[in-house]
């Protein structure tokens, strides 16, 4: 005997996934772009490569550190991550503005050191208050921004004082900053791909 269905089929359907939920995590891209560009610039600031070859960084600063990282910030806005949106968009703009400063600056050599110094001072202030916020996010981000703060301080003072020695120290600190950012990018893409924590980021 055929069974009679007493309950009508449900007319309720699962809600469609939101646009933000379908966007891949943009943080590994933002961190990789920041790391690679920082690494290249820091090799020159540390005196490991001649300043005459520094032009090699310009394309990377504009397209990878600048535009790619800026887009990573935009995708963080879509995902609702205020910190990531502010950090990646701002540092994307940092690299694009640095590219513009180097390529289109009309400063004389005597004024360039002071111009770069005030540029770095402003970014130091930004980095410091972002460091305070990272204390509520993860140990990895706190370590990254803490090293970045010290890097900016040495580069800033080195520029104002026109001290190659301080700039070289800032360059070596920048290399440390780059490798910490690369680790964060590696951890993000590895953990996301494996669907489990393989490389820790020490979340709060």
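Numbering (our numbering), first residue to last: 5 to 208. Beta carbons: idealized from backbone N, C-alpha and C, even for Gly. None of these values were measured; they are calculated from a predicted model.
Of all alpha-carbon atoms in 77, 113, 64, 85, the one lying nearest the alpha-carbon of residue 102 is that of 64. In this structure, the beta-carbon distance from residue 95 to residue 89 does not fall below 8 Å. Leaving aside the five residues that flank residue 121 on each side, the residues in its chain whose CB is nearer than 7 Å to its CB run, in chain order, 160, 163, 164. If you compare the alpha carbons of 152, 175, 201 with that of residue 91, the shortest gap goes to 152.
Within the same chain, and ignoring the five residues on either side of residue 34 in sequence, the residues whose Cβ sits closer than 6 Å to its Cβ are 73, 76, 92. Bridge partners of residue 142 according to DSSP: 207. Relative to residue 170, the option among 111, 115, 156, 183 whose CA is nearest is 156. In the structure shown, the three-state DSSP call for residue 58 is helix. Annotation for residue 83: the continuous alpha helix (DSSP H) segment containing it runs 73–83.
Taking residue 70 as the centre and dropping the five residues before and after it, the same chain places the C-beta of 96, 99, 100 closer than 6 Å to its C-beta, in chain order. Within the model, the alpha-carbon separation for residue 111 versus residue 126 is close to 18 Å. Annotation for residue 32: the continuous alpha helix (DSSP H) segment containing it runs 31–49. Its chain contains 146 as the residues whose beta carbon lies nearer than 7 Å to that of residue 139, once the 5 sequence neighbours on both sides are disregarded; these appear in chain order. Counting only the Cα atoms, residue 195 lies some 6 Å from residue 202. When secondary structure is reduced to three states using DSSP, residue 101 falls in the helix class. Using a Cβ distance threshold of 8 Å, residue 176 and residue 39 do not count as a contacting pair. Residue 154 holds the alpha-carbon nearest to the alpha-carbon of residue 178 among 154, 84, 31, 59. In the structure shown, residue 86 falls within a helical segment according to DSSP collapsed to helix, strand and coil.
Short of 6 Å from the beta carbon of residue 61, and not among the five residues preceding or following it, lie these beta carbons of its own chain, in chain order: 44, 45.
Close CB contacts of residue 66 within its chain, under the 8 Å cut and outside five residues either way in sequence, are with 99, 100, 103 (chain order).
Residue 199 carries a coil assignment under DSSP once its states are collapsed to helix, strand and coil.
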